[in-house]
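**Student:** Taken in order, these protein sequences are the chains called L and W.
According to numbering that gives the first Met the number 0, the first sequence is numbered sequentially starting from 0.
According to numbering that gives the first Met the number 0, the second sequence is numbered sequentially starting from 0.
Just so you know, even glycine gets a beta-carbon here, dropped at the ideal spot from N, CA and C.
After the structure tokens below, expect a handful of questions from me.
Protein chains: 2
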Amino acid sequence: MRGFLFSYSGKNLRGGEKHSVPPARKEIRMKTFETYEKMLDNKQYHALRGELIDENPADIAGLIENIPVDKAVLIFRMLPKDMEAEVFADLFPDVQKELIGKLSETEIQLIMEELFLDDAVDFIEEMPATVAKKILANAKPETREEINRLLKYPEDSAGSIMTVEYVDLKSEMTVREAFERIRKTGTDKETIYTCYVTDSERKLKGIVSAKTLMLAERDEIIGEIMEEANLIIAETLEDREEIAHRFNKYDLLSIPVVDSEKRLVGIITVDDIADVIQEEATEDFQKMAAILPSDKPYLKTTPIILARNRIVWLLVLMIAAMITGSILDYYETAIAVVPLLVTFIPMLMDTGGNSGSQSATMVIRGMALAEITPRDFFKVVWKEMRTGFLVGCGLSAVNFIRVWFFYRNRVEFGGEILMISAVVSFTLLFTVMAANLIGGILPIIAKKCKIDPAVMAAPLITTIVDAGSLLVFFALSTALLM
Amino acid sequence: MRGFLFSYSGKNLRGGEKHSVPPARKEIRMKTFETYEKMLDNKQYHALRGELIDENPADIAGLIENIPVDKAVLIFRMLPKDMEAEVFADLFPDVQKELIGKLSETEIQLIMEELFLDDAVDFIEEMPATVAKKILANAKPETREEINRLLKYPEDSAGSIMTVEYVDLKSEMTVREAFERIRKTGTDKETIYTCYVTDSERKLKGIVSAKTLMLAERDEIIGEIMEEANLIIAETLEDREEIAHRFNKYDLLSIPVVDSEKRLVGIITVDDIADVIQEEATEDFQKMAAILPSDKPYLKTTPIILARNRIVWLLVLMIAAMITGSILDYYETAIAVVPLLVTFIPMLMDTGGNSGSQSATMVIRGMALAEITPRDFFKVVWKEMRTGFLVGCGLSAVNFIRVWFFYRNRVEFGGEILMISAVVSFTLLFTVMAANLIGGILPIIAKKCKIDPAVMAAPLITTIVDAGSLLVFFALSTALLM
Numbered sequence: 000m001r002g003f004l005f006s007y008s009g010k011n012l013r014g015g016e017k018h019s020v021p022p023a024r025k026e027i028r029m030k031t032f033e034t035y036e037k038m039l040d041n042k043q044y045h046a047l048r049g050e051l052i053d054e055n056p057a058d059i060a061g062l063i064e065n066i067p068v069d070k071a072v073l074i075f076r077m078l079p080k081d082m083e084a085e086v087f088a089d090l091f092p093d094v095q096k097e098l099i100g101k102l103s104e105t106e107i108q109l110i111m112e113e114l115f116l117d118d119a120v121d122f123i124e125e126m127p128a129t130v131a132k133k134i135l136a137n138a139k140p141e142t143r144e145e146i147n148r149l150l151k152y153p154e155d156s157a158g159s160i161m162t163v164e165y166v167d168l169k170s171e172m173t174v175r176e177a178f179e180r181i182r183k184t185g186t187d188k189e190t191i192y193t194c195y196v197t198d199s200e201r202k203l204k205g206i207v208s209a210k211t212l213m214l215a216e217r218d219e220i221i222g223e224i225m226e227e228a229n230l231i232i233a234e235t236l237e238d239r240e241e242i243a244h245r246f247n248k249y250d251l252l253s254i255p256v257v258d259s260e261k262r263l264v265g266i267i268t269v270d271d272i273a274d275v276i277q278e279e280a281t282e283d284f285q286k287m288a289a290i291l292p293s294d295k296p297y298l299k300t301t302p303i304i305l306a307r308n309r310i311v312w313l314l315v316l317m318i319a320a321m322i323t324g325s326i327l328d329y330y331e332t333a334i335a336v337v338p339l340l341v342t343f344i345p346m347l348m349d350t351g352g353n354s355g356s357q358s359a360t361m362v363i364r365g366m367a368l369a370e371i372t373p374r375d376f377f378k379v380v381w382k383e384m385r386t387g388f389l390v391g392c393g394l395s396a397v398n399f400i401r402v403w404f405f406y407r408n409r410v411e412f413g414g415e416i417l418m419i420s421a422v423v424s425f426t427l428l429f430t431v432m433a434a435n436l437i438g439g440i441l442p443i444i445a446k447k448c449k450i451d452p453a454v455m456a457a458p459l460i461t462t463i464v465d466a467g468s469l470l471v472f473f474a475l476s477t478a479l480l481m
Numbered sequence: 000m001r002g003f004l005f006s007y008s009g010k011n012l013r014g015g016e017k018h019s020v021p022p023a024r025k026e027i028r029m030k031t032f033e034t035y036e037k038m039l040d041n042k043q044y045h046a047l048r049g050e051l052i053d054e055n056p057a058d059i060a061g062l063i064e065n066i067p068v069d070k071a072v073l074i075f076r077m078l079p080k081d082m083e084a085e086v087f088a089d090l091f092p093d094v095q096k097e098l099i100g101k102l103s104e105t106e107i108q109l110i111m112e113e114l115f116l117d118d119a120v121d122f123i124e125e126m127p128a129t130v131a132k133k134i135l136a137n138a139k140p141e142t143r144e145e146i147n148r149l150l151k152y153p154e155d156s157a158g159s160i161m162t163v164e165y166v167d168l169k170s171e172m173t174v175r176e177a178f179e180r181i182r183k184t185g186t187d188k189e190t191i192y193t194c195y196v197t198d199s200e201r202k203l204k205g206i207v208s209a210k211t212l213m214l215a216e217r218d219e220i221i222g223e224i225m226e227e228a229n230l231i232i233a234e235t236l237e238d239r240e241e242i243a244h245r246f247n248k249y250d251l252l253s254i255p256v257v258d259s260e261k262r263l264v265g266i267i268t269v270d271d272i273a274d275v276i277q278e279e280a281t282e283d284f285q286k287m288a289a290i291l292p293s294d295k296p297y298l299k300t301t302p303i304i305l306a307r308n309r310i311v312w313l314l315v316l317m318i319a320a321m322i323t324g325s326i327l328d329y330y331e332t333a334i335a336v337v338p339l340l341v342t343f344i345p346m347l348m349d350t351g352g353n354s355g356s357q358s359a360t361m362v363i364r365g366m367a368l369a370e371i372t373p374r375d376f377f378k379v380v381w382k383e384m385r386t387g388f389l390v391g392c393g394l395s396a397v398n399f400i401r402v403w404f405f406y407r408n409r410v411e412f413g414g415e416i417l418m419i420s421a422v423v424s425f426t427l428l429f430t431v432m433a434a435n436l437i438g439g440i441l442p443i444i445a446k447k448c449k450i451d452p453a454v455m456a457a458p459l460i461t462t463i464v465d466a467g468s469l470l471v472f473f474a475l476s477t478a479l480l481m
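Here you go:
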């Protein structure tokens, strides 16, 4: 159902009820998978092969992941050689490993030769050392050398996600010659839509897009139509998240990667960048929830690993919370005199934790998207102080009224209830302001100290704010109520 | 500095110290910006224009955003017409609005004609109603009609992010004719790397990539080289997040968008999908931190708006925490008898909240990435129960020892301290297990009920778990210690 009316209403110009969504592709697929498995069971190999050739490699990978490995091998062997590699690259590492166990050495070698080098490296990295060794031993020497070279780049660097299969042209070629070169070598390249012009020392001279080539005259010279000023490049050791920002900013399809001597050593394509964006966001989600990050899908992770990833921070934070608890031990007398004070603890702790996590989340995410840099420190401080003040005043007002309203008739307090309301509300204002400020600045300080800002998130801030909040609360209570 | 050694050590095959990163491009840029501003002040218009033409539109947008609007207009007017539109599309909405205020109606009309239609729609949507009306009134009738048509698609639908500038071919064309068509119309298309083959009713018949065209012979027929089986398509009303998954799964550069009658109405390109991925992740981060989502960058948002987005959930959660607090009021006598009990409250609350937020985060993120579906409900339950048991046992053991160790010599408890340790540790085990379970299943239930799972995150779960945890703690304490 579509939105009907086109009304001007400031920001939200779209018409619209919530739209109904067509049946998800995944469910349609699932049915086809069953059909294929049945065809396999009925030994209709020829017909099945015909169907598979028309399928998308990513869907065949889905099929292979969802049937027993013995059948998976049969399906896999039915595929044309070039499709085999594409399907293989799309499989989960566990399934890759299982499959490798069932294939002959020649078959493995063939796959390794057909894989794009970045996919081969990803695969090797995920295998246990013994398997990786065996596969590398079976690969052709040039392939092995290339893989080893790529494996040396540090994790999360541009070098670690680049591939070396790109189209390189020379500046003295004509467009016609460039097309010939693309036609001759293009099938094995990860992209042919951006071509890289290098000199005899393999230094990057310019970039020419397939669009430019297609719109140019056949006898124009590459050196004259290529872009050469302000080229957007990556260096092998840059962080892959930086590269992702560059893709977003300049709407790139691929980026050339150069070494410290400005020689072109590879390219990164946009499909790998989409994965980087997702993985980095997932990592941040996990860190911000005090989980050791892991890129393994949840359903494929055993409870033991899940527990290990979670317990580390929980232990640290539990011990910190015990310290907070001992503040209460210290103010035992105050609690004995006014037991009502205890009932405000959950509210103060939760609100402080939530406020801190709000500002930390905004700042951490802003830094991940490069919208906030450490240079903006004072802007963040000033913004959080004002925001914290507004939020704190709002919450305190509500709180003052509710405490007074609920407890005004309780005999044991008498006239003191207004004072108790005031103490609770003031503590709340302090807590929210402190939480906002700490939540806003800790991630920036972490970044300055080269610590990942995401680990400064909610849980840690909660713990700090809790302690401060309870200290203020009991200090005030003792001073004003006893 | 690069990693040196290539060692086999299981998963982590990369050599490596933390790599040093080359100076960020942004900082280099900032210097150039100053140079450009100086050239402007010195009226070196001709030289400046020459420099700007070689710059990337995204960088010029950065320059314009960082100088006063009067200078920005001068810079903007120096640009060639086609570059003007590209730069304009890259600006923040605020700056777009400011700039529009300084430009003549003819200039605005020219920009509207040059903008890709999806960018024009994005821009119109961000403008206040009066400005939008004026701009549309000045646009050419066809442009206005197209924009109005696109504005009707619901927010976050495929239709709302598509553009209509694509290359369409006919199946009876030869490759040569296709190239001619691309050369004639290609400059104004958002991508020429995937061409769409339609019939006389504009129904999508097939897809042919520029790669296929470039590798084919000149006299081959499009109908024979195009892909036509299992085309990957989007429907206008599908959610944009679904489309993003499809881009990731199939490594697409663009996707055709069809209406309910299967007519091709537009395409979505990968650069817009990268934005979708980032925005959806940002939205989830905000929701999970109990903030009303907003796509405005943090530094561009006023404290009043920030406070409004934060206070709504804080109020709800504060009131919920007050209910938790009243549990403590109810058990006032128990606290009076054993005041030590109060000191365990922060630890129980924090650990429960953190555990719940851990499992909620894993499940919410898994669902956002389509790795977990509501069908996996029982898998999640079983996994969380085991994980919760493992984590809970670990934490409880540590806790038992520490409580016994710290308080064993406190006279007031005597032999009871072992019992207190046991009660606290058992409550902790219960809390962690409950938190894991609730954190894992609430997001799935939300999704089933068509509520966004991300709002079921940490804060809400914390509040539920807190109440349960304190109830168990005091029920047990009263039963066993009094």
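Return the chain-ordered ranges of every beta strand (DSSP E) run that is complete within the segment 190-217 of chain W and spans a minimum of 3 residues.
**Tutor:** Segments of the beta strand (DSSP E) lying fully in the segment 190-217 of chain W: 193-197 and 203-208.
**Student:** With 9 angstroms set as the bound, which would you pick, yes or no: does the beta-carbon of valine 397 of chain W sit closer than that to a beta-carbon of chain L?
**Tutor:** Closer than 9 angstroms to some Cβ of chain L, the Cβ of valine 397 of chain W qualifies, so yes.
**Student:** According to the neighbour-count rule (16 or more other Cβ atoms, all chains shown, within 10 Å of its Cβ), is aspartate 93 of chain W buried or exposed?
**Tutor:** Exposed, because fewer than 16 other Cβ atoms sit within 10 Å of the Cβ of aspartate 93 of chain W.
**Student:** Distance check for isoleucine 221 of chain W and tyrosine 195 of chain W, CA to CA, integer angstroms please.
**Tutor:** Approximately 10 angstroms, taken between the alpha carbons.
**Student:** Identify, in the order they occur along the chain, each residue of the same chain with its Cβ nearer than 8 angstroms to the Cβ of valine 471 of chain L, setting aside the five sequence neighbours on each side.
**Tutor:** The answer, listed in chain order, is Thr426, Phe429 and Thr430.
**Student:** Using Cβ-Cβ distances below 8 angstroms, what residues of the segment 272-294 of chain W are close to chain L?
**Tutor:** Hits within the stretch, in order: Ile272, Ala273, Asp274, Ile276, Gln277, Ala280, Thr281, Asp283, Phe284, Gln285, Met287, Ala288, Ala289 and Ile290.
**Student:** Interface residues of chain L around isoleucine 59 of chain W at Cβ under 7 angstroms?
**Tutor:** Under the 7 angstroms cutoff, chain L gives no residues; its nearest Cβ is about 11 angstroms from isoleucine 59 of chain W.
**Student:** Is the CB of glutamine 357 of chain L under 9 angstroms away from at least one CB in chain W?
**Tutor:** Glutamine 357 of chain L counts as touching chain W.
**Student:** Beta carbons nearer than 7 angstroms to chain L: which residues of the segment 366-378 of chain W have them?
**Tutor:** Those residues of the segment 366-378 of chain W that come within reach of chain L (Cβ to Cβ, closer than 7 angstroms) are Leu368, Glu370, Ile371, Asp375 and Lys378.
**Student:** How about alanine 320 of chain W and proline 345 of chain L: are their beta carbons less than 9 angstroms apart?
**Tutor:** Cβ atoms of alanine 320 of chain W and proline 345 of chain L: closer than 9 angstroms.
**Student:** Cβ closer than 9 angstroms: which chain W residues qualify as neighbours of alanine 445 of chain L?
**Tutor:** Ordered by position in chain W, no residue passes the 9 angstroms Cβ test against alanine 445 of chain L, which lies about 15 angstroms from the chain.
**Student:** Can you pull the chain L neighbours of phenylalanine 343 of chain W, defined as C-beta to C-beta under 7 angstroms?
**Tutor:** By Cβ distance, chain L contributes Gly324.
**Student:** On the DSSP bridge list, what partners appear for threonine 268 of chain W?
**Tutor:** According to DSSP, which records beta bridges pairwise, threonine 268 of chain W is partnered with W:Ser253.
**Student:** Distance check for methionine 432 of chain L and glycine 391 of chain L, CA to CA, integer angstroms please.
**Tutor:** Cα to Cα, the separation comes out at about 6 angstroms.
**Student:** If we count the other Cβ atoms within 10 Å of its Cβ and call it buried at 16 or more, is glutamate 141 of chain L buried or exposed?
**Tutor:** When all chains shown are included, glutamate 141 of chain L counts as exposed.
**Student:** Name the DSSP bridge partner or partners of arginine 262 of chain W?
**Tutor:** Paired residues: W:Lys202.
**Student:** Could you tell me which chain W residues have their CB closer than 7 angstroms to the CB of isoleucine 107 of chain L, listed as they occur along the chain?
**Tutor:** Result: empty, since nearest Cβ-Cβ is about 18 angstroms, beyond 7 angstroms.
**Student:** Once the 5 residues before and after lysine 188 of chain L are set aside, which same chain residues still bring their CB inside 7 angstroms of it?
**Tutor:** For lysine 188 of chain L, where only same-chain residues beyond five positions count, the Cβ hits under 7 angstroms are Glu164, Tyr165 and Val166.
**Student:** Taking Cβ-Cβ distances shorter than 7 angstroms, what residues in chain W pair up with alanine 54 of chain L?
**Tutor:** Going by the sequence as given, residue 54 of chain L is glutamate instead of alanine. Under the 7 angstroms cutoff, chain W gives Asn229.
**Student:** Would a check of beta-carbon distances place serine 476 of chain W closer than 9 angstroms to chain L?
**Tutor:** It does not; no Cβ of chain L falls within 9 angstroms.
**Student:** Is it buried or exposed for threonine 186 of chain W, if we count other Cβ within 10 angstroms and need 16 for buried?
**Tutor:** Threonine 186 of chain W should be labelled exposed.
**Student:** Three-state secondary structure (DSSP) at glutamate 16 of chain W?
**Tutor:** Its pLDDT being 35, under 50, glutamate 16 of chain W is placed unreliably by the model, and nothing is read from it.
**Student:** Using 10 angstroms around the beta-carbon of alanine 478 of chain W, count the other beta-carbons present and answer buried if the total reaches 16, otherwise exposed.
**Tutor:** Per the 10 Å Cβ criterion, exposed.
**Student:** Compute the Euclidean distance between the alpha carbons of aspartate 274 of chain W and valine 72 of chain L, then round it to the nearest angstrom.
**Tutor:** Cα to Cα, the separation comes out at about 38 angstroms.
**Student:** For phenylalanine 87 of chain W, count neighbouring Cβ atoms within 10 angstroms of its own Cβ and tell me buried if that reaches 16, exposed if not.
**Tutor:** Burial call: buried.
**Student:** How many Å lie between isoleucine 371 of chain L and isoleucine 160 of chain L at the Cα?
**Tutor:** Isoleucine 371 of chain L and isoleucine 160 of chain L: Cα-Cα distance of roughly 26 angstroms.
**Student:** Between aspartate 349 of chain W and chain L, is any beta-carbon pair separated by less than 9 angstroms?
**Tutor:** At least one chain L Cβ lies under 9 angstroms of aspartate 349 of chain W.
**Student:** Assign lysine 382 of chain W to one of two classes, buried (16 or more other C-beta atoms within 10 Å of its C-beta) or exposed (fewer than that).
**Tutor:** Buried, since its Cβ has 16 or more Cβ neighbours within 10 Å.
**Student:** Buried or exposed for phenylalanine 377 of chain W, please, with buried defined as at least 16 other CB atoms from any protein chain shown within 10 angstroms of its CB.
**Tutor:** Exposed, since its Cβ has fewer than 16 Cβ neighbours within 10 Å.
**Student:** On the three-state DSSP scale, how would you describe threonine 301 of chain L?
**Tutor:** Residue state, collapsed to three classes: coil.
**Student:** Where in the segment 137-164 of chain L do unbroken runs of the alpha helix (DSSP H), each at least 4 residues long, occur, reported from the N-terminal end onward?
**Tutor:** The segment 137-164 of chain L contains these whole alpha helix (DSSP H) runs: 140-150 and 157-160.
**Student:** Measure from the alpha carbon of phenylalanine 115 of chain W to the alpha carbon of each residue in W:Gly265, W:Met481 and W:Phe343, then state which is nearest.
**Tutor:** The shortest C-alpha separation from phenylalanine 115 of chain W is found at W:Gly265.
**Student:** Using only alpha-carbon positions, find the residue among L:Lys139, L:Arg182 and L:Ala434 that is nearest to threonine 211 of chain W.
**Tutor:** Nearest C-alpha to threonine 211 of chain W: L:Arg182.
**Student:** May I have the straight-line CA-CA distance separating glycine 100 of chain L from asparagine 137 of chain L, to the nearest angstrom?
**Tutor:** C-alpha separation (whole angstroms): 14 angstroms.
**Student:** Once you ignore the five residues that flank glycine 439 of chain L on each side, which residues in its own chain have a CB closer than 8 angstroms to its CB?
**Tutor:** If we look at glycine 439 of chain L and ignore the five residues flanking it on each side, its Cβ neighbours are Ser358, Ala359, Met361, Val362, Val379, Val380, Lys382 and Glu383.
**Student:** Could you check which residue in W:Glu124, W:Arg201 and W:Ala177 has the C-alpha nearest to that of glutamate 219 of chain W?
**Tutor:** Looking at the Cα atoms, W:Ala177 is the closest of the given residues.
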